[in-house]
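Q: Numbering (the numbering used here), first residue to last: 151 to 270.
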Amino acid sequence: MSDYRNLEVWKKAHSLTLEIYKITNNFPSEERYGLTSQIRRASSSVPMNIAEGSGSLYGKEFIRFLDIARRSTCEVEYQLLLCRDIGYIDEAEYTELNVALREVARMLTGLIKSMLESNK
Numbered sequence: 151m152s153d154y155r156n157l158e159v160w161k162k163a164h165s166l167t168l169e170i171y172k173i174t175n176n177f178p179s180e181e182r183y184g185l186t187s188q189i190r191r192a193s194s195s196v197p198m199n200i201a202e203g204s205g206s207l208y209g210k211e212f213i214r215f216l217d218i219a220r221r222s223t224c225e226v227e228y229q230l231l232l233c234r235d236i237g238y239i240d241e242a243e244y245t246e247l248n249v250a251l252r253e254v255a256r257m258l259t260g261l262i263k264s265m266l267e268s269n270k
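1) Relative to the alpha-carbon of Thr167, which residue among Glu241, Ser187, Arg182 has its alpha-carbon at the smallest distance?
2) For Val226 versus Ala192, is the C-beta spacing smaller than 8 angstroms?
3) DSSP three-state label for Ile170, please.
4) Measure the Cβ-Cβ separation of Met265 and Phe215 and say whether it is below 8 angstroms.
5) Based on Cα-Cα distance, which residue from His164, Lys161, Ile173 lies nearest to Glu241?
6) Alpha carbon to alpha carbon, how far is Asn176 from Gly203? Give it in angstroms, no decimals.
7) Going by alpha carbons, who is nearest to Glu267 out of Val159, Gly209, Asn199?
8) For Pro197 and Ala219, what's the separation of their Cα atoms in angstroms?
9) Which residues in the same chain as Asp217 place their Cβ atom closer than 7 angstroms to its Cβ, once the five residues preceding and following it in sequence are excluded?
10) If you draw a straight line from the alpha carbon of Ile236 to that of Asn199, how long is it in whole angstroms?
11) Are there 16 or more other CB atoms within 10 angstroms of the CB of Ser165, so buried, or fewer, so exposed?
What follows is the structure in C-alpha cells.
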C-alpha cells in the first residue's frame, strides 16, 4: 500500500479526530478519564487503524484493519449522541461532527468493498 497520508479517508478521519480533541477540551474535568478519554481513543482509532493496515503486505490484512476502523466509527457515533444528550456539545456541533463521521464511515465501506472486489 502507498502512503496512508495520501488516502482521502485517512485525511478526513484525522481531521475529525482533531475536531473531537478540540471539543473535548471543554468537557468537565471529571470526564477526563471517562467520556473524554473514550471518545478520543475511539476517534483516533479510525485513522490509526487505516495507517496500521496500510503497512500490511497483504490486501486481506489491510481490509481487516479498515473494518476495525469502520467499527470504531459506530462507537464514536454513539459517543457523540451521548455527548449531545448530556449537554457536552450542542446540536450544531453534534450535527457537524456526525456528518463528518458518517462520511468517513461511507468512505471506509466503499474502500473495503473496492478492495474485496479487486482481491477476487
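A virtual CB, placed ideally from N, CA and C, is assigned to each residue, including glycine.
Quick caveat: nothing in here was measured; it's all calculated off a predicted structure.
A: In terms of the structure at hand:
1) Position 17 of the sequence shown, counted from the start, is the residue given in the question as residue 167. Each of Glu241, Ser187, Arg182 was checked against the Cα of Thr167, and the nearest Cα belongs to Ser187.
2) On the sequence shown, position 76 is the one that residue 226 refers to. On the sequence shown, position 42 is the one that residue 192 refers to. It is a contact, given that the beta carbons lie within the stated cut-off.
3) Your numbering for residue 170 matches position 20 in the sequence shown. Reduced to three states, the DSSP call for Ile170 is helix.
4) Mapped onto the sequence shown, residue 265 falls at position 115. Mapped onto the sequence shown, residue 215 falls at position 65. No, Cβ-Cβ distance for Met265 and Phe215 is not below 8 angstroms.
5) Within the sequence shown, the letter at position 91 stands for residue 241. Looking at the Cα atoms, Ile173 is the closest of the given residues.
6) Here residue 203 refers to the residue found at position 53 when the sequence shown is read from its first residue. Here residue 176 refers to the residue found at position 26 when the sequence shown is read from its first residue. Cα-Cα distance, rounded: 32 angstroms.
7) In the sequence shown, counting from the first residue as 1, residue 267 sits at position 117. Shortest Cα-Cα distance from Glu267 to any of Val159, Gly209, Asn199 involves Gly209.
8) Along the sequence shown, one-based indexing puts residue 197 at 47. Along the sequence shown, one-based indexing puts residue 219 at 69. Their backbone Cα atoms lie some 7 angstroms apart in a straight line.
9) Locating residue 217 in the sequence shown gives position 67, counting from the first residue. If we look at Asp217 and ignore the five residues flanking it on each side, its Cβ neighbours are Ile262.
10) Numbered from 1 along the sequence shown, position 86 holds the residue referred to as residue 236. Numbered from 1 along the sequence shown, position 49 holds the residue referred to as residue 199. Approximately 29 angstroms between the Cα atoms of the pair.
11) For this step, residue 165 is matched to residue 15 along the sequence shown. The residue in question, Ser165, is exposed, as its Cβ has fewer than 16 Cβ neighbours within 10 Å.
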